[in-house]
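Engineer: Residue numbers (our numbering): 81 to 566.
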Ligand code: NAP
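#1: Please confirm whether any heavy atom of the ligand NAP lies closer than 7 Å to the CB of residue 138.
#2: Indicate the three-state DSSP secondary structure (helix, strand or coil) for residue 477 in the structure shown.
#3: Which word fits residue 238, buried or exposed, when buried means at least 16 other C-beta atoms lie within 10 angstroms of its C-beta?
#4: Have a look at the DSSP bridge pairing and note the partners of residue 597.
#5: Should residue 225 be counted as a contact of the ligand NAP given a C-beta to heavy atom distance under 7 Å?
#6: According to DSSP, is residue 284 part of a helix, a strand, or is it coil?
#7: Considering only DSSP beta bridges, list what residue 545 is partnered with.
#8: Can you round the beta-carbon distance between residue 427 and residue 396 to whole angstroms, since I take them to be within the 8 Å contact cut?
#9: When the Cα of residue 494 is compared with those of 466, 455 and 391, which residue comes out closest?
#10: Please go through the region 121–162 and give each complete alpha helix (DSSP H) segment of 4 or more residues, from N-terminal end onward.
#11: For the ligand NAP, any of its heavy atoms closer than 7 Å to the Cβ of residue 98?
#12: Given that a residue counts as buried once 16 or more other Cβ atoms are within 10 Å of its Cβ, and exposed if not, what is residue 248?
#13: Between the region 112–119 and the region 200–210, do three or more beta carbon pairs fall short of 8 Å?
#14: Apply the 10 Å Cβ neighbour rule to residue 393 and answer buried if 16 or more other Cβ atoms are within range, or exposed otherwise.
#15: Can the beta-carbon of residue 430 be found closer than 8 Å to that of residue 284?
#16: Does the beta-carbon distance from residue 196 to residue 92 come in below 8 Å?
#17: Is the closest heavy atom of the ligand NAP to the C-beta of residue 199 under 7 Å?
#18: Return the CA-CA distance between residue 289 and residue 349, expressed in angstroms with no decimal places.
#19: How about residue 167 and residue 192: are their beta carbons less than 8 Å apart?
#20: Please name the residue, chosen from 99, 364 and 253, that lies closest to residue 90 on a Cα-to-Cα basis.
#21: Compute the minimum distance between the beta carbon of residue 303 and the heavy atoms of the ligand NAP, and state whether it is under 7 Å.
#22: Per DSSP, what kind of secondary structure is residue 295 in: helix, strand or coil?
#23: Say yes only if the C-beta of residue 208 is nearer than 7 Å to one or more non-hydrogen atoms of the ligand NAP, and no if none qualify.
#24: Less than 7 Å between C-beta atoms, sequence neighbours within five positions excluded: which residues of the same chain meet that for residue 382?
#25: Can you check DSSP and say which residues form a bridge with residue 369?
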């Protein structure tokens, strides 16, 4: 494992849920792997008044909880050496002075400002860093989602951050792109000859992308109610996954070569506007039900939830990519909270054989399918037809599975481990460029506008189901079904 350059990483929102649950455990694991040299520093920054010891205790307890048996007290001591805490209220200029005292003696180091706070603080934090001359030529800024709430607010953040950091120092994170299975999808497409001739209209019948969560809004009612499923999941993760499937082969491994191809896909998405939106999208909101055998309340009964909220917790869409490669191939996207199980997958269904000379099973399973599973486990499975044992040529579907753990015998990196090391190394490939974000919002905003214009209220679905029946009809009208319904 290659060592990282010596760095100072300032984690704004360092006491928050994301930092404690994902970012700090990911850094701990990179430290255990020997990638972080002794001089590097990780500086938690947040409003809470904490001593370094109190902060360390919070981080330790969180690493223990989230890493379970992987947590090692000896290795923790080594990791803890890197950790510092500075109280910084983003609204207080003086607090940045204290941060400056810590950072300034090391001007040559890679300096990463990870903004794990709400988007309203992104520009104020970056501007305060600039006022205190803390943005060095080797500084990078990492922006967590959501990057604004619509095209206009996102553009404003990008504009203000763009005045202070060059585009090549801005890392807009979409952690789905850090997943091993997504990386492997790229390897499968562009490291092999096999799939390319099949990767197009005429060969692929349709594509499904599902990101299902079994959890509800948890502690984030106010945040979520302001955002909804379309902006929380589709605008970023799901469109990024769609881009990885639909993009043309990049001309090289350079970051911009991949990002150029992704933005072309986003610009080729057929706009959904006006009444068309009502035909091609389904909004849903969960009502009380049971998930994993336990009763759960409905969205409107969640703590701190406005009782008349019409925010969608589920959305399904039929999307067309208007390009020579994909004309006529529907992409179906769906995502929701409080669905039957936690599952994220991409399913690519190939066309049937032109002529069947053997007895085939009379089921939709009889088509070739490539299933890229991202959650709960990461895997890639290709379903093909094989002869079933015995007399006669009777075909049955069987799976060829790419089992990463078995094939490589090494642990897969968690998405944030990969993305954080990419930031420190300055590798931009897996991060969204500004024009990608703008193209994504330009496609999303008219959908919301049409919902509003036509007063499209979310259809209710029972918690623990797979969403409103209308989502099944959306795909069923074209003669297909979601994979879980096959
Ligand atoms: P959170 O638990 O509410 O934490 C927010 C953090 O921001 C806390 O550390 C808080 O510090 C700090 N903060 C708030 N106001 C501040 C201010 N004025 N100055 C300085 N620090 C301030 O939120 P989170 O869940 O960690 O999420 C952080 C961001 O990541 C959000 O934009 C969220 O949408 C996004 N995100 C979260 C997740 C997730 O799984 N949690 C996933 C993807 C994206 P104090 O507590 O010390 O006040």
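For glycine and all other residues, C-beta sits at the position ideal for the given N, C-alpha and C. Since this is a predicted model, take the numbers as computed values, not measurements.
Structural biologist: In this structure, then:
#1: Within the chain shown, numbered from 1, the residue matching residue 138 stands at position 58. Residue 138 Cβ: outside cutoff for every heavy atom of the ligand NAP.
#2: Stepping through the chain shown from its first residue, residue 477 is reached at position 397. Collapsing the DSSP output to three states places residue 477 in a strand.
#3: Within the chain shown, residue 238 is the residue found at index 158, counting from 1. Residue 238 is buried by the Cβ-count criterion.
#4: In the structure as shown, the chain starts at 81 and stops at 566, and residue 597 therefore has no counterpart that could be examined.
#5: Within the chain shown, numbered from 1, the residue matching residue 225 stands at position 145. For the ligand NAP, at least one heavy atom lies less than 7 Å from the Cβ of residue 225.
#6: Translated into positions along the chain shown, residue 284 becomes position 204. Of the three classes helix, strand and coil, the one that applies to residue 284 here is strand, per DSSP.
#7: For the purposes of this step, residue 545 is identified with residue 465 of the chain shown, where counting begins at 1. BP columns for residue 545 point to 419.
#8: Position 347 of the chain shown holds residue 427. Position 316 of the chain shown holds residue 396. With 8 Å as the limit, residue 427 and residue 396 do not qualify as a contact, their Cβ atoms being about 14 Å apart.
#9: Taking the chain shown and counting its residues from 1, the one referred to as residue 494 is at position 414. Selected option, being the one with the closest Cα: 455.
#10: 132–147 and 153–160
#11: As a first step, residue 98 must be located in the chain shown, where it is residue number 18. For the ligand NAP, at least one heavy atom lies less than 7 Å from the Cβ of residue 98.
#12: Looking up residue 248 in the chain shown gives position 168. With a threshold of 16 other beta carbon atoms within 10 Å, residue 248 falls short and is exposed.
#13: no
#14: Taking the chain shown and counting its residues from 1, the one referred to as residue 393 is at position 313. The residue is buried, with at least 16 neighbouring Cβ atoms inside 10 Å.
#15: The residue you call residue 430 lines up with position 350 of the chain shown. The residue you call residue 284 lines up with position 204 of the chain shown. Yes, the Cβ-Cβ distance between residue 430 and residue 284 is below 8 Å.
#16: Stepping through the chain shown from its first residue, residue 196 is reached at position 116. Stepping through the chain shown from its first residue, residue 92 is reached at position 12. In contact: residue 196 and residue 92 (Cβ atoms closer than 8 Å).
#17: On the chain shown, position 119 is the one that residue 199 refers to. Answer for residue 199: yes, Cβ within range of the ligand NAP.
#18: On the chain shown, residue 289 is found 209 positions in, with the first residue counted as 1. On the chain shown, residue 349 is found 269 positions in, with the first residue counted as 1. Roughly 15 Å separates the two Cα atoms.
#19: Position 87 of the chain shown, counted from the first residue, corresponds to residue 167. Position 112 of the chain shown, counted from the first residue, corresponds to residue 192. It is not a contact, given that the beta carbons lie outside the stated cut-off.
#20: By 1-based counting over the chain shown, the position of residue 90 is 10. The candidate whose alpha carbon is nearest that of residue 90 is 99.
#21: Working through the chain shown from its first residue, we reach residue 303 at position 223. Yes; taking the cut-off as 7 Å, the Cβ of residue 303 has a heavy atom of the ligand NAP nearer than that.
#22: As a first step, residue 295 is located in the chain shown; it is residue number 215 there, counting from the start. In the structure shown, residue 295 sits in coil (DSSP, three-state: anything other than H, G, I, E or B).
#23: If you number the chain shown from 1, residue 208 lands on position 128. Answer for residue 208: no, Cβ out of range of the ligand NAP.
#24: By one-based count along the chain shown, residue 382 stands at place 302. Excluding positions up to five away in sequence, the list reads 296, 297 and 301.
#25: Residue mapping note: residue 369 aligns to position 289 of the chain shown, counting from 1. DSSP, once it has assigned bridges, lists 376 as partnering residue 369.
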